[in-house]
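Structure first, commentary second.
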């Protein structure tokens with residue numbers, strides 16, 4: 001194992017490249033409240049993995065969507081487990097994102113020099129919501145259908161552009177086959193690509209700037225804010 | 230007591246390291262094995278034949294093989310397809326029948342009975358079989374696949390199933 005690693009390390013220079021990323025100094029006084037970001041990242045990876053596998057059996061058409069989902073739950077080995085992870089993981093991700101954001105707000109960690117990290121994080125919050133909204137339609141049951149009817153109608157109430165937004169979201173006047181395929185494409189292709197990019201930017205900034213010190217530590221040592229730069 | 234200086238004890242740092250690694254390995258193993266089983270689910274399905282009634286025995290004449298076609302419901306994921314299947318029925322005597330899957334054991338082409346040659350001939354690659362299914366020539370690796378059958382209330386009933394093609398052994402597809 002260590003010989004394989006040193007062979008790789010000698011050629012790819014792994015240790016020197018990645019140790020600064022993985023073994024970073026963190027401020028005094030951080031605790032469990034600081035783990036929500038990593039927890040969110042973990043759940044995102046879990047969603048990506050389970051989502052890729054669910055796509056093996058899911059069929060995004062009004063004729064087949066519901067049957068293929070119930071096929072996953074009832075007939076595919078481990079199907080209810082994988083679907084269950086994806087289903088509950090979606091809720092867990094929203095909860096963790098919100099807790100993560102609350103921590104940032106309550107400890108004022110968004111202040112200089114971390115405003116950019118915060119902005120990127122806001123986009124990640126919106127992307128998470130978009131994931132939830134588009135994913136909710138895919139089982140194509142009554143709840144999915146009417147939730148999306150309501151959701152898209154809400155977009156339709158926006159002044160000036162409401163009508164266009166409604167049609168763009170639905171892919172037509174009414175909810176139907178085109179809505180399902182575009183929600184599926186957005187859910188499994190557009191949003192993952194955007195989210196991956198924004199996560200990369202978010203993590204780059206976190207690693208580059210170091211995590212913020214807790215307010216009480218910072219009060220004693222104002223330079224702690226800039227620690228790690 | 231300073232644990233870090235005691236060589237027989239594990240330091241707090243490495244204990245936490247091992248704990249995190251163990252939890253991570255446990256999660257990876259759980260998700261990894263579950264997704265592997267999920268993806269390999271088609272391999273775990275139960276097989277076996279489908280009971281098909283081919284009709285009254287009076288419809289089959291001794292010495293003249295007859296092609297019989299019938300639909301078989303096949304589960305394709307969440308869809309049930311009605312596939313058209315066919316068998317060759319050879320009447321041996323009043324009560325005994327030989328039923329062949331109507332696919333050449335070479336690579337699955339439909340073959341025909343040639344009354345002039347008194348052989349089953351496959352048009353794809355020239356496979357030839359006798360009336361009792363033995364290979365007479367061409368590339369087929371095994372004799373024609375026979376199906377279990379019995380006469381029930383004057384009707385010929387078979388258990389339709391298919392076997393893997395292109396190999397000498399007769400094993401379930």
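Chains as they are written, first to last, in the numbering used here: chain D, 1 to 229; chain X, 230 to 402. Cβ atoms here follow ideal geometry from the backbone N, Cα and C, with glycine treated the same way. Only a predicted model underlies this, so the values are computations on that prediction, with no experimental measurement involved.
Interface flag, residue i vs chain D, CB-CB below 8 Å
{"i": "residue 254(X)", "result": "no"}
{"i": "residue 306(X)", "result": "yes"}
{"i": "residue 233(X)", "result": "Because residue 233(X) sits at a pLDDT of 49, beneath the cut-off of 50, its placement in the model cannot be relied upon, and the point is left open."}
Strand pairing of residue i, partner residues [DSSP]
{"i": "residue 350(X)", "result": "341(X) and 357(X)"}
{"i": "residue 285(X)", "result": "384(X)"}
{"i": "residue 74(D)", "result": "For residue 74(D), which the question treats as bridged, DSSP gives no partner whatsoever."}
{"i": "residue 300(X)", "result": "313(X)"}
{"i": "residue 367(X)", "result": "DSSP output for residue 367(X) lists no bridge partner at all."}
{"i": "residue 305(X)", "result": "308(X)"}
{"i": "residue 376(X)", "result": "328(X)"}
{"i": "residue 320(X)", "result": "291(X) and 326(X)"}
{"i": "residue 392(X)", "result": "401(X)"}
{"i": "residue 280(X)", "result": "388(X)"}
Cα-Cα separation, residue i to residue j
{"i": "residue 201(D)", "j": "residue 95(D)", "result": "22 Å"}
{"i": "residue 197(D)", "j": "residue 274(X)", "result": "40 Å"}
{"i": "residue 336(X)", "j": "residue 123(D)", "result": "56 Å"}
{"i": "residue 58(D)", "j": "residue 338(X)", "result": "32 Å"}
{"i": "residue 341(X)", "j": "residue 280(X)", "result": "24 Å"}
{"i": "residue 153(D)", "j": "residue 176(D)", "result": "14 Å"}
{"i": "residue 289(X)", "j": "residue 319(X)", "result": "8 Å"}
{"i": "residue 396(X)", "j": "residue 362(X)", "result": "16 Å"}
{"i": "residue 193(D)", "j": "residue 13(D)", "result": "28 Å"}
{"i": "residue 381(X)", "j": "residue 387(X)", "result": "10 Å"}
{"i": "residue 189(D)", "j": "residue 16(D)", "result": "34 Å"}
{"i": "residue 243(X)", "j": "residue 185(D)", "result": "45 Å"}
{"i": "residue 350(X)", "j": "residue 366(X)", "result": "10 Å"}
{"i": "residue 360(X)", "j": "residue 377(X)", "result": "17 Å"}
{"i": "residue 109(D)", "j": "residue 89(D)", "result": "26 Å"}
{"i": "residue 149(D)", "j": "residue 169(D)", "result": "10 Å"}
{"i": "residue 247(X)", "j": "residue 254(X)", "result": "10 Å"}
{"i": "residue 240(X)", "j": "residue 81(D)", "result": "37 Å"}
{"i": "residue 97(D)", "j": "residue 37(D)", "result": "7 Å"}
{"i": "residue 394(X)", "j": "residue 317(X)", "result": "17 Å"}
{"i": "residue 46(D)", "j": "residue 125(D)", "result": "17 Å"}
{"i": "residue 327(X)", "j": "residue 358(X)", "result": "14 Å"}
{"i": "residue 140(D)", "j": "residue 68(D)", "result": "10 Å"}
{"i": "residue 251(X)", "j": "residue 260(X)", "result": "14 Å"}
{"i": "residue 266(X)", "j": "residue 77(D)", "result": "6 Å"}
{"i": "residue 210(D)", "j": "residue 26(D)", "result": "7 Å"}
Residue-level contact to chain X via CB, residue i, 8 Å cutoff
{"i": "residue 1(D)", "result": "no"}
{"i": "residue 221(D)", "result": "no"}
{"i": "residue 188(D)", "result": "no"}
{"i": "residue 76(D)", "result": "yes"}
{"i": "residue 93(D)", "result": "no"}
{"i": "residue 58(D)", "result": "no"}
{"i": "residue 71(D)", "result": "yes"}
{"i": "residue 61(D)", "result": "no"}
{"i": "residue 19(D)", "result": "no"}
{"i": "residue 68(D)", "result": "yes"}
{"i": "residue 15(D)", "result": "no"}
Heavy atom of the ligand GDP within 7 Å of residue i beta-carbon
{"i": "residue 164(D)", "result": "Among the components modelled here there is no ligand, and therefore nothing to report on the ligand GDP."}
### Task
Determine which residues of the region 78-89 of chain D have a Cβ less than 7 Å from any Cβ of chain X, and write them out in chain order.
78, 79, 81 and 82
### Query
Given a limit of 9 Å on CB to CB distance, which residues of the region 40-54 of chain D reach chain X?
42, 46, 49, 50, 52, 53 and 54
### Task
Please list the residues of the region 256-276 of chain X that have a C-beta atom closer than 7 Å to any C-beta atom in chain D, keeping them in chain order.
260, 263, 264, 266, 267, 268, 270 and 273
### Query
At what residue ranges does the region 86-148 of chain D contain a whole run of the alpha helix (DSSP H), taking only runs of 4 or more?
115-137
### Task
Using a Cβ-Cβ cut-off of less than 9 Å, list which residues of the region 123-142 of chain D approach chain X; keep chain order.
none
### Query
Taking Cβ-Cβ distances below 9 Å as the criterion, which residues of the region 94-118 of chain D are in contact with chain X?
none
### Query
What are the uninterrupted segments assigned as alpha helix (DSSP H) that are 4 or more residues long and contained completely in the region 145-226 of chain D, given in chain order?
162-170, 177-185, 191-209 and 215-220
### Query
Looking at chain X, which residues of the region 195-210 of chain D have a Cβ within less than 9 Å of any of its Cβ atoms?
none
### Runs of alpha helix (DSSP H) lying entirely within the region 16-60 of chain D, each at least 4 residues, in chain order
36-54
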